[in-house]
Each structure stands twice: as C-alpha cells, then as structure tokens.
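To keep things clear, I will list the structure first and then write my remarks on it.
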Amino acid sequence: MTIRLSDHFNYPRLLRFVLPSVLTVMVISIYSIVDGFFVSNLVGKNAFAALNLIYPLLGALGAFGFMIGAGGSALVSLTLGQGDSSRANRYFSMLIWVQAAAGCLFSVIGFIWMPDFAQMLGAGPAILQDCVVYGRTLILAISFFMLQNSFQSFFIAAEKPKLGLWVSISAGLCNIFLDFLLVYVFPLGLFGAALATALSQAAGALFPLLYFARPNGSLLRLTWARIDFRALGRACLNGSSEMMTGLSSSFVGMLYNFQLLRLAAEDGVSAYGVMMYVNFVFMACFIGYSAGVAPVVGFHYGAGNHQELKNLYRKSMVVVSLGSAVMTAAALLLAAPISRVFVGYDRQLLELTIHGMKLYALSFLVCGFNVFASAFFTALNDGLRSALISFLRTLLFQTAAILTLPRLLGLDGVWLSLTAAELAAALVSAALLWKNRRRYRYN
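At position 205 of the sequence shown (counting the first as 1) the number is 205 in the working numbering, and the numbers step up by one without a gap.
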C-alpha cells in the first residue's frame, strides 16, 4: 500500500512510513561499526584507538550533508505542499550539485592537512600513522558520504522511503563484504577497512544520483539548476541544527578523547569507541524516526492542515517516549555482550568498557526527546529554534559537562557527561515546544 505525504497517519501507517528511514540511518551507522569490529579483532587495539580518534573529524566534515538533507528536504516538502513541484525540483537539484562541489573541496583540504589534524586531535607516535592512513582514505570519499546522508531525506520527500532503505541496505552489505575481503582475506589492515567504507559510500551515493537523474515515478527529478542563493541560505539556516549537531558531536567527541587519553590512555579511547557504536545504532532510531516524520510535518504545515499536524505531534511524543524506555533497558542489559564482541580479548579493557557503558546508557532516557524536538522545528522551517536546541544540547551543555564532571567524579564523570547534557537540553526543548504550540498550532 502506497503511503502519501498528504495521508492521515494512525500509528501503524506512521510506523510503516518512518521504518525505512530508521533502518536507513541504522545501516549507515553500521559502516563505522563494521570497521571497528574487524580492526579491533584483526588489526589490534592501537589501530582501533586510531580509528576512533580520527572519526570525529570525518563526521564534522560530513555534517554538511546532514544540513542540506534536513534543511533542503524540509524546504522541498514545504514547496511540494504548496503545490509548486517545478520549483521543488529546482531547489532539490541545486542543493545536490552544491553539496557535491563542497565535498570535493573538503577532500583536497583534508587530504593535505590530515597529519596535522591527527596531531591536533592528540594522536601520539603509536597511532599517528594509522590515523593518517584511515583519515586520508575516507576523506577522498567525503562527497559520497555527504550525498548519501542527504539522499536519505530526499527519498522520503519524494515519497520513496523504501527505495532509500534498499539503497542503504545494499551499500551496508557491500561494506561488510569488502571489510571481510580487505581486512580478513587480504590483510590490508586499517587501509583495507577505510577503503571498504569509501567504496560502500560511493555505491550508496551514485545509485540515487542515477535514479533521480532519469525519469522516475517519484515526486523529484534531478536536473541542471542555477544557484539560488536565497533558497540555499534558507535550506542551510533551516538545516543548521543538523549541521550543528554533527559539528558539535565531532568537537565534543574530540574533547572526550582528550579527557580519556589523560585519564585512561588509549584504552579509554577504545572503550569510548564501543560506546559510540551502541550510541550510533540507538540514536539512529531517534534520528531516523525524526527524519522520516519531518517531511510529513513539513507537507501538512505547508498545506495548512493543522489538525493533522496535531495528530503527528501527539503520536510522535508517544513513540519517542516508549522508544527511550526500551532502548535504555536494552543498553543496560546488553552492555556486557556487546563489549565482548569488540574488546573481549583484553580483560582490563573489557571491564572498563562494560562499566562505562552502563553509566552512558542512562542518556538514552532523554536524548530521543531532544532529537525529535529539534527535527520538529526544522520541519516547521523554524531553523532558529531547531539550531538553538542542537547548539545547547550537543555543544554548550556537553562541553560544560565533559570539562566539569571528570574533575568531580574522575573517569565516571566522562561516562555521565552525556546524560547531564541531555537532561539540561530536555528542559530547553520542553520550554520551546510549550511556548510555540499556538504559533504553529500543533497542540
């Protein structure tokens, strides 16, 4: 059964529509997890630490794709809701070409300066070369990484979320196979893991390019388009919260690594890497749901259908609340089994990881609410409030927590920093949602 943006959404219809988006984000998050599994178990914990140390830099550069995808798809969905499909296609095409050009520029800069970036992140002699090898290989594919992230949102706006899911699943399976081939069969080490990810990202970006460039059955078609600086600025402003989230998460990840290198050396960075893999998967559920429902919210807001907007808001709050409780319980119960998969070969590192993950898991109680609140304002084309939530949640509150709590609680303060930041951000999110309920008429 085809589900349209203009439909009325009950719980089954809503979950069916957003499920491809959730699974898509989860599959994308698996890239680094698969790399981490093969590298940690087959190459060694120093290479594993190098991977986790340099990855925040790559995430920061890839944040541009999240900005274009979230802000651009909201703008395109709003335009489709207003009945102007021709203008929506011009916006869509222009945003894709701008993003591809920006990625090429990032590749050149990142490849040249990667050794300096690695040293700035705290890489010592034991892991510096590994950081450079992994970082340079992946930076060459940063355009593909950005495009794949943005196409995830545009597939939903085009009413083709299932196609986006199958593209991501295919790219994810490609990554798993290539990791096995290039790290296990042909022992190319960290370079093989990075190459596997780069090739998989290329596959995940090139198919959507070809699909949208040809006549297709979706709402969108990729054509040549001139730069519309006003529309580009609007999309960037509207998606600035998603870019802020990416940049801030990367910056805060660097701060975590600095603190962990000081308190627990490379083992601390490795343990944090395992927690990040759990975070990637669980956060993918919240991010995927929010990304999946955002075009629907944007469409009904653009169409002036406030009754359906209320319906989407209320049901989303229920879904996010239940999901938060389930994920927190799962993280606590699975802390030991997951840790053994990645670092079971080192008893001391294993115990450190299990203990840290149980404290870190408490953050899942509230992070989903903050993710949805930010995405909801993005869907309403209110980039300012969306960016405020993201800025406070992912940068200001986390920076304050990671710099303060370790002084009071030692290493446990590092693991609890995210929970403290999410709790503070939840107060801000709740206040903004309450204050603007009549302005946008969603409650």
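Virtual Cβ for every residue (Gly too), placed ideally from N, Cα, C.
Exercise. Specify the secondary structure class of residue 224 as computed by DSSP and reduced to three states.
Key: In the structure shown, residue 224 sits in coil (DSSP, three-state: anything other than H, G, I, E or B).
Self-check item: Coarse secondary structure for residue 82, derived from DSSP in three states
Solution: coil
Quiz item: Is it the case that the Cβ atoms of residue 138 and residue 49 are separated by a distance below 8 Å?
Solution: no
Practice problem: Just tell me which of 78, 83 and 256 has its CA closest to the CA of residue 398. | Solution: 256
Quiz prompt | Contact set for residue 45: own chain, Cβ-Cβ below 6 Å, skip 5 residues either direction | solution = 270
Exercise. Given a cut-off of 8 Å, decide if residue 238 and residue 200 are closer than it, judged by their beta-carbon atoms.
Key: no
Practice problem: Just the C-alpha distance for residue 161 and residue 171, rounded to the nearest angstrom, thanks. | Solution: A straight-line Cα-Cα distance of about 15 Å links residue 161 and residue 171.
Quiz item: Residue range of the alpha helix (DSSP H) that residue 370 falls in?
Solution: Residue 370 -> alpha helix (DSSP H) spans 367-379.
Practice problem: Report the residue from 99, 89, 375 and 370 whose alpha carbon sits nearest the alpha carbon of residue 218. | Solution: 89
Exercise. Just the C-alpha distance for residue 184 and residue 202, rounded to the nearest angstrom, thanks.
Key: Approximately 22 Å between the Cα atoms of the pair.
Self-check item: Of the listed residues 300, 91 and 406, nearest to residue 232 (C-alpha basis)
Solution: Closest option to residue 232, Cα to Cα, is 91.
Quiz prompt | Proximal residues to residue 290 (C-beta, below 7 Å), its chain only, five neighbours per side dropped | solution = 371, 372 and 375
Exercise. Below 8 Å on the Cβ atoms is my guess for residue 268 versus residue 260; work out the distance and round it to an integer in Å.
Key: Rounded, the Cβ-Cβ distance is 3 Å, consistent with contact.
Exercise. Out of 35, 120, 284 and 386, point me to the one whose CA is closest to residue 178's CA.
Key: 35
Exercise. Rounded to whole angstroms, what's the CA-CA distance from residue 81 to residue 405? Just pull it up for me.
Key: 47 Å
Self-check item: Where residue 99 falls, given that 16 or more other Cβ within 10 Å makes a residue buried
Solution: buried
Practice problem: Assign residue 50 to one of three DSSP states: helix, strand, or coil. | Solution: helix
Self-check item: Whole-angstrom distance between residue 249 and residue 356, CA atom to CA atom
Solution: Spanning the two alpha carbons is a distance of roughly 19 Å.
Self-check item: alpha helix (DSSP H) runs wholly inside the stretch 106-157, at least 4 long, in chain order
Solution: With a minimum length of 4 residues, the continuous alpha helix (DSSP H) runs that stay inside the stretch 106-157 are 128-139 and 142-157.
Practice problem: Assuming residue 274 and residue 197 form a contact by the criterion Cβ under 8 Å, report the distance between their Cβ atoms to the nearest whole angstrom. | Solution: With 8 Å as the limit, residue 274 and residue 197 do not qualify as a contact, their Cβ atoms being about 18 Å apart.
Quiz item: For the putative contact between residue 95 and residue 68, defined by C-beta atoms under 8 Å, what is the C-beta separation to the nearest angstrom?
Solution: 5 Å
Quiz item: So residue 436 and residue 385 are in contact, right, with Cβ under 8 Å, and what is the actual spacing, rounded?
Solution: Contact check for residue 436 and residue 385: beta-carbon distance about 7 Å, within the 8 Å limit, so the pair qualifies.
Quiz item: Secondary structure at residue 303, three-state DSSP: helix, strand or coil?
Solution: coil
Practice problem: Taking only the alpha-carbon atoms, compute the straight-line gap between residue 164 and residue 152 and give it to the nearest angstrom. | Solution: 6 Å
Self-check item: Boundaries (first-last residue) of the alpha helix (DSSP H) holding residue 160
Solution: Per DSSP, residue 160 belongs to no alpha helix (DSSP H) and is neither H nor E.
Quiz item: With 16 as the cutoff for other CB atoms within 10 Å, does residue 8 come out buried or exposed?
Solution: In the assembly as shown, residue 8 is an exposed residue. Its beta-carbon has fewer than 16 other beta-carbons within 10 Å.
Quiz item: With C-beta atoms as the reference, is residue 413 less than 8 Å away from residue 77?
Solution: no
Self-check item: Under the three-state DSSP convention, the category residue 396 falls into
Solution: helix
Self-check item: Pair within 8 Å by beta-carbon distance, residue 293 and residue 316
Solution: Taking the C-beta atoms as reference points, residue 316 is found nearer than 8 Å to residue 293.
Self-check item: C-alpha distance - residue 410 paired with residue 359, whole-angstrom precision
Solution: 13 Å
Quiz item: According to the neighbour-count rule (16 or more other Cβ atoms, all chains shown, within 10 Å of its Cβ), is residue 105 buried or exposed?
Solution: exposed
Quiz item: If residue 52 sits next to residue 276, beta carbons under 8 Å apart, how far is it from one beta carbon to the other, in whole angstroms?
Solution: 7 Å
Quiz item: What is the rounded straight-line gap between the Cα of residue 266 and the Cα of residue 348?
Solution: Going from the Cα of residue 266 to the Cα of residue 348 covers about 12 Å.
Quiz item: Can you tell me the Cα-Cα spacing of residue 83 and residue 303, whole angstroms?
Solution: Roughly 9 Å between the two C-alpha positions.
Quiz item: What is the rounded straight-line gap between the Cα of residue 225 and the Cα of residue 159?
Solution: 22 Å
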